[in-house]
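Enquirer:
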Amino acid sequence: MAKSKSKTIYVCQNCGAQRSRWEGKCTDCGAWNTLVEEMVSAEPKTRGWSTGAEEGRTLSAKPVSLDQRLEEIHLTRFDTGYQELNRVLGGGLAAGSFVLLGGSPGVGKSTLLLQMAGGLAGHKHRVLYISGEESVAQTGSRAHRLGIKSPHIEIGSESNLHTIMDLARTKKPDVLVVDSIQTVYLSDLQAAPGSVSQVRECAGHLMGLAKQDGITVILIGHVTKEGSIAGPKVLEHMVDCVLSFDGDPSYNFRLLRSLKNRFGAAQELGVFQMSSKGLEEVTNPSELFLEERGDQLIGSAVFASMEGTRPLLCEVQALTLSSPMAMPRRTSLGIDVNRLHLLTAVLDRHLDIRLSHSDIFINVVGGLKLVEPAADLAVAAAILSTEGRKELDAKTVFFGEIGLTGEVRGVSFVETRMKEADKLGFQHFVVPFSNKKHLGDFKLPKDKKISYIKNVRDLEKLI
Ligand code: TYD
Ligand code: MG
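With the first letter of the sequence shown counted as 1, position 142 gets the number 142 in my numbering; the numbers rise by one all the way through.
1) Per DSSP, which residues does Trp32 bridge with? Please list them.
2) Can you name, in chain order, every residue of its own chain whose Cβ lies under 7 Å from the Cβ of Arg354, other than the five neighbours on each side?
3) Comparing alpha-carbon positions, which option in Asp28, Asp422, Val223 lies nearest Lys443?
4) At what residues does the alpha helix (DSSP H) containing Thr320 begin and finish?
5) Any heavy atom of the ligand MG within a distance shorter than 7 Å of the CB on Asp179?
6) Does the Cβ of Met116 lie closer than 7 Å to at least one heavy atom of the ligand TYD?
7) Please state whether the Cβ-Cβ distance between Leu368 and Phe245 is less than 8 Å.
8) Where in the segment 357–387 do unbroken runs of the beta strand (DSSP E), each at least 3 residues long, occur, reported from the N-terminal end onward?
9) On the DSSP bridge list, what partners appear for Phe429?
10) Under the three-state reduction of DSSP, which class applies to Asn86: helix, strand or coil?
11) So, does the CB of Leu235 fall closer than 8 Å to a CB anywhere in chain C?
12) Say yes only if the C-beta of Glu133 is nearer than 7 Å to one or more non-hydrogen atoms of the ligand MG, and no if none qualify.
13) Just reading off the alpha helix (DSSP H) that Thr139 is part of, what are its end residues?
14) Look up Val346 in the DSSP assignment and give the residues it is bridged to.
15) Just reading off the beta strand (DSSP E) that Thr8 is part of, what are its end residues?
16) Mind checking whether the beta-carbon of Lys369 lies closer than 7 Å to any heavy atom of the ligand TYD?
17) Would you decide whether Glu291 is buried or exposed? Buried here means 16 or more other CB atoms lie within 10 Å of its CB.
18) Cα-Cα, which of Thr111, Gly119, Ile298 is closest to Leu93?
19) On the three-state DSSP scale, how would you describe Glu474?
20) Out of curiosity, what's the CA-to-CA distance linking Phe433 and Leu459?
21) Report the partner residues of Asp273 according to the DSSP bridge assignment.
Put into structure tokens, the structure is as follows:
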């Protein structure tokens, strides 16, 4: 009697670890209840891409001398037709790269890549857009509505990975878009589409397409409730570039950020706006984020932040209220709440204010998330302003990190931040003293003022 080749394994949906028995807790990553039963009929014939094509081996294995043949290893980049997208990708879509675009449902991933296909086609690059989620008619009508019409774009609806690979190898497009990695499957594996084994194996095959056939592959990936890209972390390790597309549902802004990029800076930010005509680029996000800034400026400070290599001005709002509770509330939207606890403690200790019995609310306007400690000074200014009912000058901009002893520490990219604020008509710049030496020969117009501060006490005096 022939022995059945299929067996059951348990795969951790968090880290991809495999077990022969079910366990409540994954001993590799420590996550609970993540082991899911999956059927494996046999080891897939090819694992990953390096062992896949025996005939291609000699070519890809030949090392190139760095000094002599630089022009041969020069990276070709495609213009996507969108400056924001090009910048996030590090100056265009690198040919032969493997890119993952993650985002929550409905944020506009399919729209973005369809529009990108239109932009690429405008530069005569051929795009094959395969959707496992929508029919050809659906994708087609959306493209039609977005005004995308080109002989260089072909759309298809398919979820069998072998068919997709065959299609890509015969059509040889410059760029292949797979919408989404969670819907495609390999028939060799019995695990359900979207499971860790399927995602990992499918991505391995598609990586081969990128690295051996030189087809640029862009995958769309769903994100889980926790905000990480569904599927194993290995997916993020495999790809050259991880982009995340997100946006607050209550705003039209969509923020595209590079979380990892082998061809450019990480944490680069691109800003789009969703309209009835699809996604539009926002080339002047600072103006957009400050647009609705009112005249009532108690508790509102402007922070000159850096998002990747680009300066971005945004508004930080604070509100303090005396609290009847033993444990007052600290609520923060847009900055880390632990950072807020730290700042509150510093202000309480070093200044003549008592925040320990106040509820504190912080909001960064526009749904932006600030991760830089350089935002400290703006947050502190907003808190001091609301606490002392003192109006802040609308044309003042802040940046600087605050340490536990109350000192104001220098930050990077001072000149870039100041130039952006200067361009937008800001008159007064409150910056760390230690950054004075980094300004070099940067000169502000005569009517504008810089205040260098060393300590939070200087900030209090200023306000
Ligand atoms: P979609 O690209 O389908 O999202 P995803 O692929 O990330 O799930 O975007 C769907 C949303 O975008 C939907 O809520 C409607 C909105 N939208 C517009 O507002 N205008 C448009 O022109 C298009 C195409 C979509
Ligand atoms: Mg979609």
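The C-beta atom is built at its ideal place from N, Cα and C for all residues, glycine as well.
Expert: According to the structure shown:
1) In the DSSP output, where bridge partners are listed per residue, Trp32 has Lys25.
2) Cβ within range, chain order: Asp348.
3) Nearest to Lys443 by alpha-carbon distance, out of Asp28, Asp422, Val223, is Asp422.
4) Unbroken run through Thr320 is the beta strand (DSSP E), 310–322; no alpha helix (DSSP H).
5) Yes; taking the cut-off as 7 Å, the Cβ of Asp179 has a heavy atom of the ligand MG nearer than that.
6) Relative to the non-hydrogen atoms of the ligand TYD, the Cβ of Met116 never comes closer than 7 Å to any of them.
7) No, Cβ-Cβ distance for Leu368 and Phe245 is not below 8 Å.
8) Contiguous beta strand (DSSP E) elements confined to the segment 357–387 occur at 358–364, taking only those with 3 or more residues.
9) Partner(s): Val397, Ile450.
10) Of the three classes helix, strand and coil, the one that applies to Asn86 here is helix, per DSSP.
11) Among the chains of the structure shown, chain C does not appear; only one protein chain is present.
12) At least one heavy atom of the ligand MG lies closer than 7 Å to the C-beta of Glu133.
13) Residue range 136–145 is occupied by the alpha helix (DSSP H) that includes Thr139.
14) Checking the DSSP bridge columns, you'll see Val346 has no partner listed.
15) Note, Thr8: beta strand (DSSP E), 7–12.
16) Not so, every heavy atom of the ligand TYD lies at least 7 Å from the Cβ.
17) Exposed, because fewer than 16 other Cβ atoms sit within 10 Å of the Cβ of Glu291.
18) The candidate whose alpha carbon is nearest that of Leu93 is Gly119.
19) One cannot answer for residue 474 here, as it falls past the ends of the chain, which runs 1 to 463.
20) When rounded, the distance between both Cα atoms is 12 Å.
21) Note that residue 273 is Gln in the sequence shown here, rather than Asp. Phe253, Glu280.
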